[in-house]
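Protein chains in written order, with this note's numbering: chain F, 1 to 538; chain P, 1001 to 1085.
Yeah, the Cβ is synthetic: ideal placement off N, Cα and C, and Gly gets one too.
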Amino acid sequence: MERYTGKSVMKGIAIGRVYLYQKVDIQVTDQKVPDPAAEKERFLAAVEQAKEQLTRLYDEAMVNVGEDHAAIFDVHKMLLEDEDYLDTAAGEIEEGYNAVYAVDCAGTQFAELFAAMDDEYMRGRAADIRDISRRVIRILLDLPEEEIRSEEPVILVADDLTPSETVKLDKTKILGFVTVKGSANSHTAILARSMNLPALVTVNIDLSDELHGKTCVVDGFEGEFLVEPEEEILSEKVVRKNQWVADLEALEKLKGQDNVTKSGKRIDIFANIGNVEDAEAACAADAGGIGLFRSEFLYLGRETFPSEEEQYKSYRAVLEKMEGKKVVIRTMDIGADKKVDYFGLEPEENPALGYRAIRICLDREEIFITQLRALYRASAHGKLAIMFPMIISVDEVQRIRQIVEMVKEELTKEGYPLGEPEIGIMIETPAAALISDRLAKEVDFFSIGTNDLTQYTLAVDRQNQKLEGICDIHHEALLRLIEMTVKNAHEAGIWAGICGELGADTELTEWFLKIGVDELSVAASAVLRVRGAVRALP
Amino acid sequence: MKEFSYVIKDPVGLHARPAGLLVKKAGEFTSSITVESGGKSAEAKKLIKLMGLGIKQGAEVVCRIEGEDEDAAHEALAKFFEENL
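Okay, here's the thing in structure tokens:
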């Protein structure tokens, strides 16, 4: 057996034969041609033909894999219309070189330009330039398009796959992907994820012909690629694979089902998301809504405050994506432990107990008002709920209410249509839980943030590994606070949800239902698992 | 000459698709159109150069338009940035 490791870009296990996807080695020589004018004609005709192929591929891909994946062919066509690219190739031909050499030169030159950029997305575009150049060269040499010739489904092993190869591959013949190059953002990775096929990139393997046809295992959980594994290891992997497939099937069956126990008790299961793209995963996982949209992503990794317009666009995008399902957006939870230089925050001895979240918002109202304006403008485009973090007092909630009213009035005067978002707070401090009876009279809902509530209640830093032994996440004190919060919410006629990690803890699902929790918001990947746990309850 | 500036809001910046659409839009006008960002500039009618600017979310771009149909181009491009980027 030979064992290789790589970066897993999609979890899962595939077992099958290696299909070595080797491209025809095209020999490029710098031979001169006698008639450059005729050669240039030949080049331009090949470019036209390539563009026709791309139009056809775009149309086919639209039907087979959808607009998102088809768009690549449209981009390729536009790249083939780029004046600089065409002029570079034409220039070489005018020098007397053959068209294949000229296209190869232009392709290499522009691919290097992208490969040298400091942005990962743009570096990935070098593959697109090589791809279009190869397409033109194949036409010039009258070579057929590359395809998989195999009767049975195989594990595709390649140096790298070009974007157009990835889209064009016959998906029914692939069990998994292994590439020597590639990245988490490569087309192979994206496609593997959309097809739910295990895939490894950056696997350091020698692509010799004898690899072809050998039995192999791609394990996306372990990030390993095993060639000709021993009987014992193979059967181990078969067991894991069957388990994985059974789990997937079981979860798949839960899509479209209600979150209801056998005796008819139901609960909402929503998803936690951190950016606009995550909403896609939430929809795919059949989440009933978004229970926690962390708005920090808008503030992190940049040099200036996000504008109202920018925030509005992001919030609106998620609301529209969720098509009328509830979206709970939490106002920014930035603090001294998160690096955002432009906030100008001073280092703190104890950031968890420091100047953060709503405390900043109520102190520097201009930041808060910009976010509230963006949220209320977006509220016209879906079912929004707004939630405020780190609350410890009734005064804070009343002050927030005043600012909210002011923002609403301003926006109405300016002529913006507004929705009627619910207003809620996070219960993540013991203080808030203990006065939840009074807080409940001020808001429309509670969302219990169990991560912070655990650390503040137990005075245990969850990041500190030495404290793991005493960090009892089912500590009675914590459970009593949760139960008390839910009871107080219901007495005041408002709903209460859980949005921390505890929400996905299926050991507690039965208890959550018993105390009457109305909603659990969990990672998109846990939605179906928790639904399964609910449905299994008596 | 006409000129306007714009801050990119699209989370992935001026990526391939919108850059291609921008090239198409710019191609509808005879005016010379340049896009400048981070001290580098590129003709708006050249896709690879435009992508080569590596314009990211939050970056400020300045678009300069000069030629006979600069007024119409200015209006159309300002709208294009607002709607697509």
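| Asked | Found |
| --- | --- |
| I'd like to know whether the C-beta of ASP1018 of chain P is nearer than 8 Å to at least one C-beta of chain F. | It should be noted that the sequence gives Pro, not Asp, for residue 1018 of chain P. Not one chain F Cβ lies under 8 Å of PRO1018 of chain P. |
| Sort F:LEU140, F:ALA374, F:ARG3 by Cα distance to GLN49 of chain F and report the nearest one. | F:LEU140 |
| Check whether the Cβ atoms of PHE177 of chain F and THR188 of chain F sit closer than 8 Å, and answer yes or no. | yes |
| Please check the pair GLY264 of chain F and LYS325 of chain F, which I expect to be a contact at CB under 8 Å, by giving their CB distance rounded to whole angstroms. | Actually they do not touch by this definition, with Cβ atoms about 23 Å apart. |
| So who's on the other strand from ILE1088 of chain P, going by DSSP bridges? | Limits of chain P in this structure are 1001 at one end and 1085 at the other, which puts residue 1088 of chain P out of reach. |
| Let's see if you can read the secondary structure: which residues bound the alpha helix (DSSP H) around ASN272 of chain F? | Premise fails: ASN272 of chain F lies in the beta strand (DSSP E), 268 to 273, not in any alpha helix (DSSP H). |
| CA-CA distance, ILE26 of chain F and ASP159 of chain F? | 15 Å |
| Check TYR97 of chain F in the structure and name its three-state DSSP category. | strand |
| Give me the subset of the stretch 1035 to 1049 of chain P whose CB atoms are less than 9 Å from a CB atom of chain F, sorted by chain position. | GLU1043, LYS1045, LYS1046, LEU1047, ILE1048, LYS1049 |
| Per DSSP, LYS1002 of chain P is paired with what? | P:ILE1065 |
| Shortest alpha-carbon distance to PHE476 of chain F belongs to which of F:LYS241, F:GLU491, F:THR457? | The amino acid occupying residue 476 of chain F in the given sequence is Glu; Phe does not appear at that position. If we check each option's Cα against that of GLU476 of chain F, F:THR457 comes out closest. |
| Of the residues that make up the stretch 81 to 101 of chain F, which ones have a beta carbon closer than 7 Å to any beta carbon in chain P? | ASP82, GLU83, ASP84, TYR85 |
| 8 Å is my cut-off, CB to CB: does TYR4 of chain F come that close to chain P? | no |
| Against chain F, which members of the stretch 1001 to 1018 of chain P pass a CB distance test of less than 8 Å? | VAL1007, LYS1009, PRO1011, VAL1012, GLY1013, HIS1015, ALA1016, ARG1017 |
| Of all the residues that make up the stretch 106 to 123 of chain F, which are near chain P by a beta-carbon distance shorter than 8 Å? | PHE110, LEU113, PHE114, MET117, ASP118, ASP119, TYR121, MET122 |
| CA-CA distance, LEU156 of chain F and ILE470 of chain F? | 48 Å |
| Going by DSSP in three states, PHE305 of chain F sits in which element: helix, strand or coil? | coil |
| Tell me the rounded alpha-carbon separation between ALA1016 of chain P and ASP170 of chain F. | 26 Å |
| Going along the chain, which residues of its own chain have a beta-carbon closer than 6 Å to the beta-carbon of ALA111 of chain F, five neighbours each way excluded? | ALA126, ILE129, ARG130 |
| To the nearest angstrom, how far is it from the Cα of HIS474 of chain F to the Cα of ARG531 of chain F? | 21 Å |
| From this set, F:GLU228, F:LYS241, F:GLU230, which residue's C-alpha is nearest PRO198 of chain F's C-alpha? | F:LYS241 |
| To be precise: take each residue of the stretch 302 to 316 of chain F, compare its Cβ to all Cβ atoms of chain P, and keep it if any distance is under 9 Å. Which residues remain? | ARG302, GLU303, THR304, PRO306, SER307, GLU309, GLU310, LYS313, SER314 |
| Under a three-way DSSP split, which group does THR179 of chain F fall into? | strand |
| Measure the beta-carbon distance from LEU453 of chain F to LEU478 of chain F and round it to whole angstroms, keeping in mind my assumption that it falls under 8 Å. | 7 Å |
| Measure how close the beta-carbons of GLU348 of chain F and TYR355 of chain F come, nearest whole angstrom, since I'm counting them as under 8 Å. | 7 Å |
| Express the C-alpha separation of MET484 of chain F and GLU231 of chain F in angstroms, rounding to a whole number. | 56 Å |
| Could you please give me the residues that DSSP links to ALA199 of chain F through a beta bridge? | F:MET10, F:PHE177 |
| Could you please tell me which residues of the stretch 1020 to 1035 of chain P, in chain order, have their CB closer than 7 Å to any CB of chain F? | GLY1020, VAL1023 |
| Going by alpha carbons, who is nearest to GLU1060 of chain P out of P:LYS1040, P:GLY1067, P:ALA1072, P:GLU1070? | P:LYS1040 |
| Give a yes or no on whether the minimum CB-CB distance between GLY1052 of chain P and chain F is below 8 Å. | yes |
| Less than 8 Å separating the beta-carbons of ALA14 of chain F and LEU175 of chain F? | yes |
| Check for me: the beta strand (DSSP E) holding LYS326 of chain F runs from which residue to which? | 326 to 330 |
| Which chain F residues sit within Cβ distance under 8 Å of LYS1056 of chain P? | ASP119 |
| Taking 8 Å as the cut-off, does the stretch 69 to 77 of chain F touch the stretch 88 to 106 of chain F (at least 3 CB pairs, one atom from each stretch)? | no |
| At a Cβ threshold of 8 Å, is MET78 of chain F touching chain P? | yes |
| Let me see if you follow: with CB-CB separation under 8 Å, is ARG125 of chain F close to chain P or not? | yes |
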